[in-house]
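Protein chains: 2
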Amino acid sequence: MSLRYAILGYLSTGPGTGYDLARQFDTGLGWFWSARHSQIYPELKRLTEDGLITRDTTMVSENMDKYIYSIAPEGLAVLRDWASKPPTYAPNRDTERLQLIFSDDSPESLRKHLETHRDHFRRRREKLQATIDTIRAGEHERVNSRLARRGPEEAALTLQLREMAYVGDIERADLEIAWAERGLAWLDSHEHKPKGRQQGAALAAPQAAGVQQVGEGGVPADASAAP
Amino acid sequence: MSLRYAILGYLSTGPGTGYDLARQFDTGLGWFWSARHSQIYPELKRLTEDGLITRDTTMVSENMDKYIYSIAPEGLAVLRDWASKPPTYAPNRDTERLQLIFSDDSPESLRKHLETHRDHFRRRREKLQATIDTIRAGEHERVNSRLARRGPEEAALTLQLREMAYVGDIERADLEIAWAERGLAWLDSHEHKPKGRQQGAALAAPQAAGVQQVGEGGVPADASAAP
DNA sequence: GTCGGCATGTAAGCGGTTACATGATTGG
DNA sequence: CCAATCATGTAACCGCTTACATGCCGAC
C-alpha cells in the first residue's frame, strides 16, 4: 500500500487538492507512482480520518465544495518512518519479456515489438529529462516549495536524491532503447536471409561487464543438438 | 491477465503439473512472471474449461489424484496470437524510488537503502546469469524440449529471444548495481563532512549517452537559490 | 451554447496476497 | 517418528481498473 505514502510524500511538498494528486499520478511522469482519481479520493478520506492529513474547505458554490489537503505532523512522521525502512522488492512481472520469449512462433511481429519498446522508452526518457532539467534549473515548483522549508544542508540532500532518482530512470530508459535497437539490428542482418546459418550480429552489449561471451555470436553452435 | 499466457507459455515447452508451475513462478527466477499456487490452480481449471489445455489424471492413491496438464492446439493459437501483439506498458510504480526521494528527512538510512538495492540486484543478476549459462550450454530442459519440436531455423530464433531476454535483464541488474554503488560513493565522500558545500562525487554515469551534464556535479550551484 | 479543464465522488469486478486446509511420499 | 518435499485446493481481503455519475467555470 504505497499509495498512502505517495500521497503523503506529495503533500509533504505543499498542500494540494485530490485533483492535483490525480494529475500528478495519472500523467504519471516526473513521478514514480501512479493512481486514478477513483483510488485517490477514498484514500484522502482515510488519511484524514487517521489524522495524517488535514482538510480545508473552500466553497466554490452552494452545492460544490473544494478541498485542500495539507500534511499533519503525524503524517510527516509516518512518511519519514516509512521512507527510512530499506526497500522491499515485489516479484518480477514483465509482460513485455513474456511476450518476447514466446514470439518465436510469430517472428513477423518481432520488429514491431522492438520498435514499440524503443519508442515507449524514448518518450519516457524525454519526459524524465524535461523534469530533471526543470529541477536543475530551480524551476520546479513542488521541489522548490520543499526546499524552501529546509536549511541549505537539507536542501542539498533533497536535490541529490531527486537527481539520483531521475538520472537512474533516464539510464534505465537509455538501456531499454539500446537493447531494442540491438535487437532491431540483429533482425536487419537476418531478414533477407531467413534460412541463414550465419549467427551474425553481436547480441551482448559490448560494455556489459561480466557477461559471459559465447563463441560465435549470441547462440551457441551446438544449440539444436539438445534432446 | 498475463498469468493465463504465462501458463500457456510454460506448457508450450512441455506438459507439467500445477506444482511445477508454482515452483517456476514462485521461485520466480529464470522467469519473467510470478504467481502463487492459490492463483495457479483455479486458472488451470479455467484454462481446461476453455479448452486451451488438457488434463491427464494419474492416480497417486485412493484419495489423491495428480494432474498433468498439456497445451491444446487452441491454446497454442491463443498464445501465439497474444505474443504477436505489440507490448503495452503498465503505469510505473516504483516503491524504491518513492522511498528514496522522501528519505531526505532520514538521511541515516540512505546507506542501508542503497546497499539493499545493490544486494538485491546482485542476487538477481547471479540467478539470471546461471540460467542463461544453462541455456547456452544446451542444458536447460524446458528450452531443450521446446527446441526439440522445431526445425533448426526456428530453434535459432527461440534461442535468440531467450538470449535477448536474459541479457537484457542482466544489463538492467548491472545498471542498478552501478547506480547504487555510485550513490554509496557519493555518501562516502560526504559522510565525514556533512556541512559540506563541496558538491563532490560525480553523479551521472560517465558513459550514459545523452545525459545532460551539469557544471560541477549532480547538483546545480544555484540549487538552494529557489524561492 | 457547448466543449474542455477543474473538481469530486461511487460501484462492480479483477488480479494478486495471505491464510486456512488436507494428504501422500521419501529420507534422516 | 518427524520433517521436508510433493501435491491440490478454498476463502477472505486488498489494491487497482473501468465505468458510472455529477456539477462548476471560462473560453471560443
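Top to bottom, those sequences are chains A and B.
Quick note: my numbering has the first sequence finishing at residue 225, numbered continuously throughout.
Quick note: my numbering has the second sequence finishing at residue 225, numbered continuously throughout.
Note that CB positions come from ideal geometry on N, CA and C, so glycine has one too.
Closer than 6 Å: residue i CB and nearest the ligand NAP heavy atom
i, result
"residue 144/B", "Absence of the ligand NAP from the depicted structure is noted, as is the absence of any ligand whatsoever, leaving it without description."
Alpha-carbon spacing of residue i relative to residue j, whole angstroms
i, j, result
"residue 123/B", "residue 161/A", "25 Å"
"residue 4/A", "residue 86/A", "16 Å"
"residue 11/B", "residue 154/B", "16 Å"
"residue 117/B", "residue 175/B", "8 Å"
"residue 195/A", "residue 103/A", "Model confidence at residue 195/A stands at a pLDDT of 47, short of 50, so the residue's coordinates are unreliable and nothing is read from them."
"residue 84/A", "residue 34/A", "27 Å"
"residue 9/B", "residue 69/B", "6 Å"
"residue 121/B", "residue 89/A", "13 Å"
"residue 177/B", "residue 49/B", "47 Å"
"residue 39/B", "residue 142/A", "51 Å"
"residue 32/A", "residue 41/A", "14 Å"
"residue 187/B", "residue 132/A", "26 Å"
"residue 18/A", "residue 101/B", "23 Å"
"residue 45/B", "residue 82/B", "20 Å"
"residue 168/A", "residue 66/B", "45 Å"
"residue 54/A", "residue 156/A", "28 Å"
"residue 14/B", "residue 128/B", "23 Å"
"residue 114/B", "residue 166/A", "16 Å"
"residue 61/A", "residue 52/A", "22 Å"
"residue 140/A", "residue 23/B", "41 Å"
"residue 47/B", "residue -1/B", "17 Å"
Contacts that residue i makes with chain A (C-beta to C-beta distance below 8 Å)
i, result
"residue 155/B", "102, 105"
"residue 170/B", "170, 173"
Min CB distance residue i to chain B below 7 Å
i, result
"residue 36/A", "no"
"residue 199/A", "Confidence in residue 199/A is poor, its pLDDT being 45 and thus under 50, which makes the residue's placement unreliable; the coordinate value appears in the next sentence. It does not: the Cβ of residue 199/A has no partner Cβ on chain B nearer than 7 Å."
"residue 132/A", "no"
"residue 166/A", "yes"
"residue 160/A", "yes"
"residue 181/A", "yes"
Interface partners of residue i on chain A, CB under 9 Å
i, result
"residue 22/B", "Simply none; closest approach about 12 Å."
"residue 152/B", "102, 103, 105"
Per-residue contacts from residue i into chain A (C-beta, under 7 Å)
i, result
"residue 110/B", "84"
"residue 163/B", "95, 98, 99"
Same chain, Cβ closer than 8 Å to residue i, neighbours up to 5 away in sequence not counted
i, result
"residue 185/B", "108, 109, 112"
"residue 16/A", "35, 38, 39, 42, 65, 67"
Below-7 Å beta-carbon distance, residue i vs any chain A residue
i, result
"residue 173/B", "yes"
"residue 77/B", "yes"
"residue 286/B", "Outside the shown range of chain B (-1 to 225) lies residue 286/B, about which nothing can therefore be said."
"residue 68/B", "no"
"residue 0/B", "yes"
"residue 18/B", "no"
"residue 92/B", "yes"
"residue 15/B", "no"
Same chain only: Cβ atoms within 6 Å of residue i, ignoring 5 sequence neighbours per side
i, result
"residue 56/B", "64"
"residue 189/B", "none"
"residue 164/B", "126, 130"
"residue 80/A", "3"
"residue 171/B", "119, 122, 123"
"residue 20/B", "35, 38"
"residue 181/A", "112"
"residue 1/A", "33, 41"
Within chain B, partners of residue i - CB distance below 8 Å
i, result
"residue 7/A", "96, 99, 100"
"residue 48/A", "Under the 8 Å cutoff, chain B gives no residues; its nearest Cβ is about 18 Å from residue 48/A."
Residues of its chain near residue i, where Cβ-Cβ distance is below 7 Å and the 5 sequence neighbours each way are ignored
i, result
"residue 151/A", "none"
"residue 72/A", "49, 50"
"residue 91/B", "none"
"residue 7/A", "77"
Residue i: contacting residues in chain B (beta-carbon distance under 7 Å)
i, result
"residue 114/A", "84, 85"
"residue 3/A", "96"
"residue 124/A", "Within 7 Å Cβ-Cβ: nothing; residue 124/A doesn't reach chain B, min ~11 Å."
Proximal chain B residues relative to residue i, where beta-carbon distance stays under 9 Å
i, result
"residue 81/A", "96, 97, 98, 99, 100, 101, 102, 103, 104, 107, 111"
"residue 10/A", "100, 103"
"residue 189/A", "Under the 9 Å cutoff, chain B gives no residues; its nearest Cβ is about 12 Å from residue 189/A."
Subject >> Contact the segment 99 to 117 of chain B vs the segment 130 to 150 of chain B: 3+ CB pairs below 8 Å >> reply: no
**OP:** May I ask you to verify whether the segment 128 to 136 of chain B touches the segment 67 to 87 of chain A, counting CB pairs closer than 8 Å and requiring at least 3?
**Re:** no
Subject >> Three or more C-beta pairs below 8 Å linking the segment 17 to 28 of chain B and the segment 90 to 98 of chain B >> reply: no
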